[in-house]
Each structure stands twice: as C-alpha cells, then as structure tokens.
Amino acid sequence: MKRRKRFPSYISFLIPLVFLVFILLCYGFPGLAETYMQYCYPTIAAVLSFISHPVWFSLFDIFIIAAIVAFLYGIVITCMRKISFRRWLRNISLVLLWIIVWFYMAWGIGYFRSDFHTRFGIEPTKADKAFFETFVIRHIDSLNRAYVADPHFDIKEIDREIEKLYEEQHKQLQLPYPCGKRRTKYTLTEPLMTRMGVAGFFDPFFNEVQVNNYSLPQSYAFTLAHEKAHQFGIASEAECNLYASIICTASDHPLIRYDGYLQTVAYLSGNLQKISPEKYEEIFGMIDPRVLADYRKIREHWEKALNPTLSAVQDKVYDSYLKTNKQSSGISSYSEMVGLLIAWEKMNQ
1482 MKRRKRFPSY ISFLIPLVFL VFILLCYGFP GLAETYMQYC YPTIAAVLSF ISHPVWFSLF
1542 DIFIIAAIVA FLYGIVITCM RKISFRRWLR NISLVLLWII VWFYMAWGIG YFRSDFHTRF
1602 GIEPTKADKA FFETFVIRHI DSLNRAYVAD PHFDIKEIDR EIEKLYEEQH KQLQLPYPCG
1662 KRRTKYTLTE PLMTRMGVAG FFDPFFNEVQ VNNYSLPQSY AFTLAHEKAH QFGIASEAEC
1722 NLYASIICTA SDHPLIRYDG YLQTVAYLSG NLQKISPEKY EEIFGMIDPR VLADYRKIRE
1782 HWEKALNPTL SAVQDKVYDS YLKTNKQSSG ISSYSEMVGL LIAWEKMNQ
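With our numbering applied, the sequence shown has no gaps in its numbers, which climb one by one up to 1830 at the end.
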C-alpha cells in the first residue's frame, strides 16, 4: 500500500508568516497602514462585530478560557507522552503566530497608521502659556455651566446618544461609518478590571466594546465614547480621548455633556500644572465646588476598590505594550489629547 506523502511542517507556517511580513511592512510604512485601516479594516470590523453582536456577553472571555484550557491540555498530553514535546512546541508556536496575525490584521495595524496631524493636515501646536491659560479657563467655565446634580442615567440611552453623535460627526472626524456594530458587552473580568482601575477596554479579536459597570454616572459616557473610537479603528489613546471629548461635549444630553467637560478639564488641569504652575491654584480654584466634589467622589470611588499591586502591574504591562506598538509615551499618551484638542479647536475656528 502506498503511503500518503506528508507536507513538510514549515508549510503550515507559511500563510501566517506571509501575513506577518505584511504587518511588518505596515509597521515601517505608515501610509500602507493608513490605507489598510481606511479600506480594509471597516469590512473586517463589520464581519467580526456581526459575529459577536448578537451575544450579550464577551466572546473574548470565552476565547481566553479556551486558550488556557487548550494550553493546559497540551501540557498534560505531552507529559503523558501522547505527543512529543517537539510537536507540542510546534503547535503552540503556530497558534501564537496565528493569534498575533489575528490581532494585527483585525485591528492592531491601527497603531502604525499616520498620526492625527498628518491625517488632518494640521501642524502640531506650539506651547503658548497665555493662550493655554485662557483655553483652560474657557473649558472650566463650560464645565461649571454643564454641572448636573445627583446624576442618574440609563445605559442604553447613553449608548444611543453617543452612537447618534458619532453618526452625525463621523465625516468631520474622518471615521468610517458604520464600521460594524457596537454593543457594550458584559465581561467576566469586570471584578478584576475594577481592582486594576480599568474603566473599559476594546477587544480587537471580536470587535467588542467593554465598559466597567463600576464606573459612576459622571464618568461612564466618556469611557464609552473612548472605547467606541477604538472600534472605529483609532488605536491611539490620546486620539480616542480627543474624540470622546468632542462627542460628549457636543451632546444635548446634560449628563453626557457634563461628563465630557469633567474629563476634559481633568486632563487640561494636569497639563496646566506643568505648563503654568504659578497660575495653577488660581485657575483650578475657578472650578465650581460642586464639581470639585464630583472629582473627589470619582477618585474615592475607584480608590475604594483598587488593589495597588494589581494596578501597578497592569500599568507597567500596558505601558510596555503601548511602547512596543509605536506609542512612545506609553500610558502617558492619554494626556496628550490636550495638544490634539487645541489643534482641533484652532483648525475649526
């Protein structure tokens, strides 16, 4: 009897390696990454979200559990000598390679695309203390006027309003629309997220938006708008903060607008302390005492649940992850939305 010829083991690595070469090209050539995110990503997002949207819980949870079980099962059968260590190592390497390819082709190439200033054709703003002080004061005034006492909210109502605003403003923001479906998912990792101080995250494997329900009404909408921006193919944390600020402060919904200004002024105040420390106390003192009480409430709410060790580990890991993906400032990049906001407002004046 004739035995069937087996394909060499390297053949199974060929396809993911071809994808990996393309990913590396995108890493080196932002224009290629930009083209991919503009023309290919919206279709991928539509397909992945079509699969995940009907399910109310996070498919990412199932994926992680299945991966852990499969890994442990592989170790067990290797120890029982059902398969050789060499074959187990080959299988693990192939799976990891496909996971890397899946991550980047599904969304991660967004880290390598052209930056905000290049896409919008505007120059980075130069530091101007007097202008920045006036800029902060104006936003503080808007924040004070937007104050909402005893906020109560309906999650579905907030979601609908933010989705409507993205639909209305997607052309101005240069975002593809609809780019799939967005449904906020329940995740089994929520208790762990809370202990780490994570308000939300975007799952690129199944195109899912996750927002921690531990969040207070005064901060939920901004986090949701931020994660939805990720789903539109924006990887930069600073840009997602910018879009969340633009979307929330443009809303007619009192709580969403208040949340937008509340988070925006928090970032502005952090930069004010560095740029104009001698004026910081004076300008920060212009914030309504009731608003300051909300800042304290949000801070104390998270500090109550936070595990300092877990939070520090999460920050370090995520900082390294961002830097690996061309976000040179790491987790500090969140506050870079201030420069983008100034550039955006100057462009639109």
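Built from N, CA and C at the ideal position, the CB exists for glycine as well.
Ranked by Cα distance from Pro1685, the first of Ile1492, Ala1527, Glu1671, Gly1509 is Ala1527.
At the C-beta level, Ile1764 and Glu1648 stay beyond 9 Å of one another. At the C-beta level, Phe1687 and Met1674 stay beyond 9 Å of one another. In terms of Cβ geometry, Arg1594 and Met1518 form a close pair [threshold 9 Å]. For Lys1785 against Thr1606, the beta-carbon gap comes to about 38 Å, at or over 8 Å, which does not count as contact. About 16 Å separates the beta carbons of Ser1814 and Ala1680, which is beyond the 8 Å limit, so they are not a contact pair. Here Tyr1585 is near Phe1500, since their CB atoms are less than 9 Å apart. Between the alpha carbons of Thr1516 and Trp1583 lies a gap of roughly 18 Å. Non-local beta-carbon contacts of Leu1749 in its own chain, meaning distances under 7 Å to residues more than five positions away in sequence, involve Val1617, His1620, Val1819 in chain order. Counting only residues of its own chain and dropping the five nearest sequence neighbours on each side, Ile1715 has a CB closer than 8 Å to the CB of Gly1591, Leu1656, Cys1721, Tyr1724. For Glu1718, the enclosing alpha helix (DSSP H) begins and ends at 1718 to 1730. Contact annotation: the stretch 1650 to 1667 does not touch the stretch 1741 to 1761, with fewer than three C-beta pairs closer than 8 Å.
For Asp1733, there is no enclosing beta strand (DSSP E), as DSSP gives it neither H nor E. Per the coordinates, the alpha-carbon of Phe1703 lies some 27 Å from the alpha-carbon of Asp1609.
In the DSSP assignment, Glu1671 falls within the alpha helix (DSSP H) that extends over 1671 to 1677. DSSP, reduced to helix, strand and coil, places Asp1796 within a helical segment of the structure shown. Selection Gln1691, Thr1805, Ala1627 evaluated against Ala1731 yields Ala1627 as nearest (Cα-Cα). Secondary structure of Tyr1658 (DSSP, three-state): coil.
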